[in-house]
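Visitor: This structure is in structure tokens; I'll ask about it shortly.
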Amino acid sequence: MNTLPLRHDALTSLEPLRAGVGSPQFLRWAIFLSLFFHVALLAWQRQTVAPPQAPVSELEIVMMNASTESIPVKAQVLAQVNVDGGGQATRGVASSELPYVGEAPEAVVLERLVKQRLQLEAAQQQLLMQLKAAQQAADGRPTEQFLKDAQQPGQDERDQEQVLLNNSLTALAEQVQQYNQRPRKLFDAPSAQQARFAEYINQWRQRVEQIGTQQYPTGTDGKAYGSVQASLTIRSDGVLTDINIDRPSDKALLNQAVRRIAQLASPFAPFPGEMAKQVDQIVLTRTWHFVDGTLQARQP
Numbered sequence: 001m002n003t004l005p006l007r008h009d010a011l012t013s014l015e016p017l018r019a020g021v022g023s024p025q026f027l028r029w030a031i032f033l034s035l036f037f038h039v040a041l042l043a044w045q046r047q048t049v050a051p052p053q054a055p056v057s058e059l060e061i062v063m064m065n066a067s068t069e070s071i072p073v074k075a076q077v078l079a080q081v082n083v084d085g086g087g088q089a090t091r092g093v094a095s096s097e098l099p100y101v102g103e104a105p106e107a108v109v110l111e112r113l114v115k116q117r118l119q120l121e122a123a124q125q126q127l128l129m130q131l132k133a134a135q136q137a138a139d140g141r142p143t144e145q146f147l148k149d150a151q152q153p154g155q156d157e158r159d160q161e162q163v164l165l166n167n168s169l170t171a172l173a174e175q176v177q178q179y180n181q182r183p184r185k186l187f188d189a190p191s192a193q194q195a196r197f198a199e200y201i202n203q204w205r206q207r208v209e210q211i212g213t214q215q216y217p218t219g220t221d222g223k224a225y226g227s228v229q230a231s232l233t234i235r236s237d238g239v240l241t242d243i244n245i246d247r248p249s250d251k252a253l254l255n256q257a258v259r260r261i262a263q264l265a266s267p268f269a270p271f272p273g274e275m276a277k278q279v280d281q282i283v284l285t286r287t288w289h290f291v292d293g294t295l296q297a298r299q300p
């Protein structure tokens, strides 16, 4: 049959190819082609790699209350508008309170509570006046009428009820008097901010920051850095009555500096007329930041 010679011829024709596969020249060509394809693949991947992203800006984001048409060459902060220079700050960026654009929901609720408190105080005062008038009327009763009432039989139980009622009214009058003698305090914190007193609070902040920057604490290793949360109680005449360290710093130097700066900054300005009518004392809670030789008093 013809199949066997054909198979023998095909195998015979493959012998040179098998011999070429194991030859050194074939191996050199295989290595060269492998290196060529790998280099081409790496070059193609390098061209397709996305360019590196621009570095994230580390500038502080602030809100500006002014703007200019020119764009600053070298920006110091990021803001909603362009501001090219200006101001009188000797270093950094001067900060100021945002303008008052409307009462916050917390302020509306607080104002309603203040009105309710004033109404209750007025009702208590009226009740106290009525009690005093009733007591004066009882004390001014003629002696003859008192003896006549005492001679009437069967009045012991009614008299005892009247005595108990008088005792209750007397205790109530004492409570009203004690409440009226307590100072009316305003706690200025993030959860309860009075917009009507913002100007006074802003003046207080500027005063504290000015004295704090002038009397910046310095330790043995240089200027100290850190934060302290404190509450200052100020009387209506501007006198500082209490200093409470709410969250002290791990550096005792800063805690002492807060007390010293507060005492040096006092007495503060007296309360304005409308403010003095509503409150007797104000408690200002702020976080005192000692940074780069300056003091910043901010709400916690």
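Residue 300 is where the sequence shown ends in our numbering, and the numbering goes up by one at each step. C-beta atoms are modelled at their ideal positions from N, C-alpha and C, and glycine is treated no differently.
#1: Since I201 and A265 are thought to touch, with beta carbons under 8 Å apart, how far apart are those beta carbons, to the nearest angstrom?
#2: How long is the line joining the alpha carbons of D292 and L118, rounded to whole angstroms?
#3: Within its chain, find whatever has a CB closer than 6 Å to the CB of R286; leave out the 5 residues flanking it on each side and keep chain order.
#4: Let's test the definition: count the other Cβ atoms within 10 Å of the Cβ of F268 and tell me whether it reaches 16, buried, or not, exposed.
#5: When the distance is taken between beta carbons, is S227 closer than 8 Å to A276?
#6: By Cβ distance below 6 Å, which residues in the same chain neighbour T294 in space, the five residues on each side in sequence not counted?
#7: Please report the distance separating the alpha-carbon of H38 from that of L27.
#8: In the DSSP assignment, the alpha helix (DSSP H) including T220 goes from what residue to what residue?
#9: Find out if the Cβ-Cβ distance for the pair R207, Q229 is shorter than 8 Å.
#10: Who pairs with R259 in a beta bridge, going by DSSP?
#11: Roughly how many angstroms lie between the CA atoms of P272 and R259, to the nearest whole one?
#12: Can you tell me the Cα-Cα spacing of M129 and Q116, whole angstroms?
#13: Does the distance from the C-beta atom of I282 to that of A262 stay below 8 Å?
#14: Roughly how many whole angstroms lie between the Cα atoms of V239 and I71?
#15: Output needed for S34: all residues of its chain with C-beta closer than 8 Å, excluding positions within five of it in sequence on either side, in chain order.
#16: As a quick exercise: from W288, L284, Q126 and E274, pick the residue whose alpha carbon is nearest that of Q256.
#17: Hey, how far is the Cα of Y216 from the Cα of E209?
Guide: Judging by the given coordinates:
#1: Within the sequence shown, the letter at position 201 stands for residue 201. Within the sequence shown, the letter at position 265 stands for residue 265. That belief does not hold up - the Cβ atoms of I201 and A265 are roughly 14 Å apart, past 8 Å.
#2: As a working mapping, residue 292 is identified with position 292 in the sequence shown. As a working mapping, residue 118 is identified with position 118 in the sequence shown. Cα to Cα, D292 sits roughly 46 Å from L118.
#3: Within the sequence shown, numbered from 1, the residue matching residue 286 stands at position 286. Counting only Cβ-Cβ distances below 6 Å, and skipping sequence neighbours, we find A297.
#4: Indexing the sequence shown from 1 puts residue 268 at position 268. It counts as buried.
#5: The residue labelled residue 276 in the question sits at position 276 within the sequence shown. The residue labelled residue 227 in the question sits at position 227 within the sequence shown. Taking 8 Å as the Cβ cut-off, A276 and S227 do not qualify as a contacting pair.
#6: Counting from one through the sequence shown, the residue named residue 294 turns up at place 294. Excluding positions up to five away in sequence, the list reads T213.
#7: Along the sequence shown, read from residue 1 onward, the residue named residue 38 stands at position 38. Along the sequence shown, read from residue 1 onward, the residue named residue 27 stands at position 27. So the alpha carbons of these two residues sit roughly 17 Å apart.
#8: As a working mapping, residue 220 is identified with position 220 in the sequence shown. That residue, T220, is in no alpha helix (DSSP H); it is neither H nor E in DSSP.
#9: Mapped onto the sequence shown, residue 207 falls at position 207. Mapped onto the sequence shown, residue 229 falls at position 229. No, Cβ-Cβ distance for R207 and Q229 is not below 8 Å.
#10: For the purposes of this step, residue 259 is taken as residue 259 along the sequence shown, with counting starting at 1. Bridge partners of R259: none, in fact.
#11: Reading the sequence shown from its first residue, position 272 is the one you call residue 272. Reading the sequence shown from its first residue, position 259 is the one you call residue 259. C-alpha separation (whole angstroms): 25 Å.
#12: To locate residue 129, count along the sequence shown from 1; it is residue 129. To locate residue 116, count along the sequence shown from 1; it is residue 116. Distance between the alpha carbons of M129 and Q116: 20 Å.
#13: For the purposes of this step, residue 282 is taken as residue 282 along the sequence shown, with counting starting at 1. For the purposes of this step, residue 262 is taken as residue 262 along the sequence shown, with counting starting at 1. Contact: no.
#14: Numbered from its first residue, the sequence shown carries residue 239 at position 239. Numbered from its first residue, the sequence shown carries residue 71 at position 71. Taking the straight line from one Cα to the other gives about 47 Å.
#15: Locating residue 34 in the sequence shown gives position 34, where the first residue counts as 1. Nothing meets the Cβ criterion.
#16: Reading the sequence shown from its first residue, position 256 is the one you call residue 256. Here the closest residue by C-alpha is W288.
#17: Within the sequence shown, residue 216 is the residue found at index 216, counting from 1. Within the sequence shown, residue 209 is the residue found at index 209, counting from 1. Distance between the alpha carbons of Y216 and E209 is about 10 Å.
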